[in-house]
Each structure stands twice: as structure tokens, then as C-alpha cells.
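*Asks:* Input: one structure, supplied below.
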Amino acid sequence: MNRRVFLFTPLLLAVALGLVLFTAIGKDPTHLESARLNEPVPAFSLQDLQDRERLHTEQSLQGEVMLVNVWATWCPACRAEHGYLIELAKRGVPIIGLNYKDERAAALKWLNDLGDPYRFNLYDPHGKLGFDLGVYGAPETYLLDAQGRVRHRHVGELNERVWQGSLGPLYESLKGAKTL
Amino acid sequence: MSEFKLGTSLSALLFLLLLSAPSNAVIDVYEFETDAQRAQYQSLTKILRCPKCQNQDIADSNAPIASDMRREVHRLILDGHSEQEIVDFMVERFDEFVTYKPKVSPATYALWYGPWILLVLGLVVVALIASKRRRATTNAKKAADGALNAEQKKALENYITQMVGTQAEGEKSDAPHKEEKGA
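Residue numbers (the numbering used here), protein chains in the order written: chain R, 1 to 180; chain H, 181 to 363.
This is the structure:
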């Protein structure tokens, strides 16, 4: 009797292994959570993209729930998501641009040609703030709460599916919490 | 005359090729004050993992972020930071993912101690099976010993030697036949 129960151990092990592997199906191994999750944006001091005289610090990213979109003119997916950013801005979502390892002239031309969804743009030609934030490839979009803490990061193109799936509900709940 | 022209234009072309080669070959060159710093740089870029091109260390990767990370590693080494400080610096920005040697924490206990637990479990299973088998054989021997009394045993032994003997004889008598057959 005891021995018969023993015979089931390989089956049990196989089932357990199967379950472990099964839960990993559909999981995107390239999806990494931001190391700054629930932490404030690191301190920085960067020029405004349009107005060199204007300096921004981490305090510029506080006061309301907002998106910080990391973009560059050399990044094809940034072009793909640009139209959707304009639509989000029209819906009243505050978006701050972080122009990442780019050239000012090219970036200004881009905004001129494609439209400007951003409240303002931080100019980060050496990717300093990008590095401190843990940006590893544009585009990335960070959701900040009113205290300027990172609450979510999306790596890759932002579109309606991503917005409905993760960023939108989080944005709404953070906004709701703020007005309470 | 035209041959001479061809020769000069060819050598000019070769010269241009020579000029362009070094600029392509070098990706980034870092200088260090001491050999220890160089060694530290080499070991650090091997244990730091590129977040963009996963499964490559930053020494091996051409991704822009990997080159940024190498630059930061170089800067931090020259600033006199220790290996652990530099790893912490990267983990602060890119999370535990960025190191090939994750910290021992409740989330990584299974990773660090799992293999040892499995090893111990395996040894226990082997020991259990071995002791069980030994007990089984001694039991069988005892059972066999107990089943026959001395007289029966002697009879059995006699029988066995007799059988072995006749078998040997049989083989002897068989042998010539075989040889005949073989011949």
C-alpha cells in the first residue's frame, strides 16, 4: 500500500513542473519592472527643450498625476506612438516629454512637423536623467503620482491597447485618490 | 602612363582604406591608472547584464544602454568606488535584473539554497533505498537460514555438489562431440 503511493511521486513531480512552466506561458521575459517603482524621480536639473533659459528639476514633475514620455527622433517606435500621445493630450492627460540622447534642432523640427502633445520637454542630450531613471531604450512611458513618485513604467510603444490594459486604469485610480 | 595613373589611384584607395579601418575597429577605449582598475573594469562588465539585449553582459553587448553602462562603470572606477558600490549603483537604477549574481534575499532563497536542498533530499532518498535493500537481503538470508535445519542443509549441499559434479562430467562427455562437430 505504502509502496503504491510512492509510485505516484514521479507523476506528481511532472505535474508540478508542468504547472510551473505553464504559468510562464505568455509571460514576456523582456518586461522589467522599474527599479524606481514607488520611489521619487531622482534629482536632476535639465534645460527645457524649447527654452534654453528655463531649467527644470524634479520639482517640475510634482503637483499632479502625469505621464513622462521618453522619446527621441532616432527612435522609430516613438514616431509610431506620437499620434496616440497627441490624442491622449487632447483628452486632458498631462504628458511631459523627456527628449533622450537627441539633438535639439532635430527634436524641435519633429515637434513642429508632427505636433506637440507635451506640456514641456526636458532636454537630456547625454541621457543622464534617463540613466538615473533606468531607461534602457526609447520609447518608455512613466506614470507619476502627484508627489512625483514613479507608479508604473511602460517600455515600448504606447497605444490604445496599452492604455486600456494598464496605464489608463492606474492613471484614473491615482487621479481619483488625489481628489479625495 | 595610364598604368601609372591606375597604380596611384589604387594606392590612394588602399591608403584611404587603411585610414578608415581603425575608426571602425574601436568601439570604446578606456584608460585606467592602474592594472587593478583595469581588472576591476573587466570583471564588472562581465557580471553586469544588459537590460536591452538580455542574456548578454555589458562587455559583450553593442546596445547603446550597454555602452552607457560601461562608461558609467569606468567613471565610477576612476572615482575610486568599490565593486560592490558600483553593482549597487546599477541595481538602484536597473533593478536586480542587472546583475548575474543576485543578492541573497527572501526572493532569491530558492535560487541560492534550492540546489543544496535538492542535493540533501537526493542523498536521503539514496540512503533510504540502500538501507531498505540491505535489510531486505539480510531478511531473505535469515529466512533461508531459518527454513532448513542442519541435516537438510547438509543434504542440500550434497545435492548441489553432486549436481555440479554430474554437470562437469556431462560437459566433459559433451566436449568431444563438439570438437567433432567443429572439425
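C-beta: ideal position from N, C-alpha, C; glycine also.
Since this is a predicted model, take the numbers as computed values, not measurements.
Roughly how far, in whole angstroms, is the beta-carbon of R/LEU144 from the beta-carbon of R/LEU32, given that I think they are within contact range, below 8 Å?
*Replies:* That belief does not hold up - the Cβ atoms of R/LEU144 and R/LEU32 are roughly 18 Å apart, past 8 Å.
*Asks:* From the DSSP output, which residues share a beta bridge with R/MET66?
*Replies:* R/MET66 is bridged to R/LEU144.
*Asks:* Do R/ASP102 and R/THR73 count as a contact pair if the criterion is CB distance below 8 Å?
*Replies:* Against a cut-off of 8 Å, the Cβ pair of R/ASP102 and R/THR73 comes out as a contact.
*Asks:* Find out if the Cβ-Cβ distance for the pair R/PRO29, H/GLN236 is shorter than 8 Å.
*Replies:* Cβ atoms of R/PRO29 and H/GLN236: not closer than 8 Å.
*Asks:* Is R/GLU81 close to chain H, meaning its C-beta is less than 8 Å from at least one C-beta of that chain?
*Replies:* By this cut-off, R/GLU81 is not an interface position.
*Asks:* In chain H, which residues lie less than 7 Å from R/TYR123 when you measure between Cβ atoms?
*Replies:* Those do not exist, as R/TYR123 stays about 17 Å from chain H at its closest Cβ, beyond 7 Å.
*Asks:* Could you check which residue in R/TYR84, R/LEU122 and R/VAL41 has the C-alpha nearest to that of R/ARG52?
*Replies:* Here the closest residue by C-alpha is R/LEU122.
*Asks:* Say whether chain R places a C-beta atom closer than 8 Å to the C-beta of H/GLU272.
*Replies:* With 8 Å as the cut-off, H/GLU272 counts as an interface residue toward chain R.
*Asks:* Taking 8 Å as the cut-off, does the segment 42-52 of chain R touch the segment 83-90 of chain R (at least 3 CB pairs, one atom from each stretch)?
*Replies:* Too few Cβ pairs lie closer than 8 Å, so no.
*Asks:* Quick check on R/PHE6 - is its C-beta less than 8 Å from some C-beta in chain H?
*Replies:* It does not; no Cβ of chain H falls within 8 Å.
*Asks:* Would R/ILE95 and R/PRO76 be called neighbours here (beta carbons separated by less than 8 Å)?
*Replies:* No. Outside cutoff.
*Asks:* Apart from the five residues on each side of it in sequence, which residues of its chain come closer than 8 Å, Cβ to Cβ, to R/ALA146?
*Replies:* If we look at R/ALA146 and ignore the five residues flanking it on each side, its Cβ neighbours are GLN62, GLY63, GLU64, VAL65, LEU174 and LYS178.
*Asks:* What separation, rounded to the nearest whole angstrom, lies between the Cα atoms of R/GLY148 and R/CYS78?
*Replies:* In a straight line, the C-alpha of R/GLY148 is about 24 Å away from that of R/CYS78.
*Asks:* Using the Cβ count rule (16 or more neighbours within 10 Å means buried), how would you classify R/TRP110?
*Replies:* With 16 or more other Cβ atoms within 10 Å, it is buried.
*Asks:* Can you give me the start and stop residues for the beta strand (DSSP E) that R/GLN47 sits inside?
*Replies:* Element bounds for R/GLN47: 45-48.
*Asks:* Indicate whether at least one CB of chain H lies closer than 8 Å to the CB of R/ALA35.
*Replies:* Answer yes: the Cβ-Cβ gap between R/ALA35 and chain H drops below 8 Å somewhere.
*Asks:* Based on Cα-Cα distance, which residue from H/VAL305, H/HIS254 and H/ILE238 lies nearest to H/ARG229?
*Replies:* Ranking the options by Cα distance to H/ARG229, first place goes to H/ILE238.
*Asks:* Opposite R/ILE86 in the DSSP bridges: which residues?
*Replies:* None, per the DSSP bridge assignment.
*Asks:* Helix, strand or coil: how does DSSP classify R/LEU61 here?
*Replies:* Reduced to three states, the DSSP call for R/LEU61 is helix.
*Asks:* How many Å lie between R/ASP124 and R/LEU98 at the Cα?
*Replies:* Taking the straight line joining both Cα atoms gives about 7 Å.
*Asks:* Name the chain R residues whose beta carbon is nearer than 8 Å to that of H/GLN234?
*Replies:* What H/GLN234 touches in chain R: PRO29 and THR30.
*Asks:* Within 10 Å of its beta-carbon, does H/MET249 have 16 or more other beta-carbons around it, so buried, or fewer, so exposed?
*Replies:* That one is buried.
*Asks:* If you measure from the beta carbon of R/ASP132 to each beta carbon in chain H, is any gap under 8 Å?
*Replies:* Taking Cβ atoms only, chain H reaches closer than 8 Å to R/ASP132, which makes this a yes.
*Asks:* Any beta carbon of chain R sitting closer than 8 Å to that of H/GLU252?
*Replies:* Yes, contact with chain R.
*Asks:* Can you tell me whether H/PRO295 is buried or exposed, with buried defined as 16 or more other CB within 10 angstroms of its CB?
*Replies:* Exposed, since its Cβ has fewer than 16 Cβ neighbours within 10 Å.
*Asks:* Under 8 Å, Cβ to Cβ, is there at least one residue of chain H near R/GLY18?
*Replies:* Output row for R/GLY18: interface = no.
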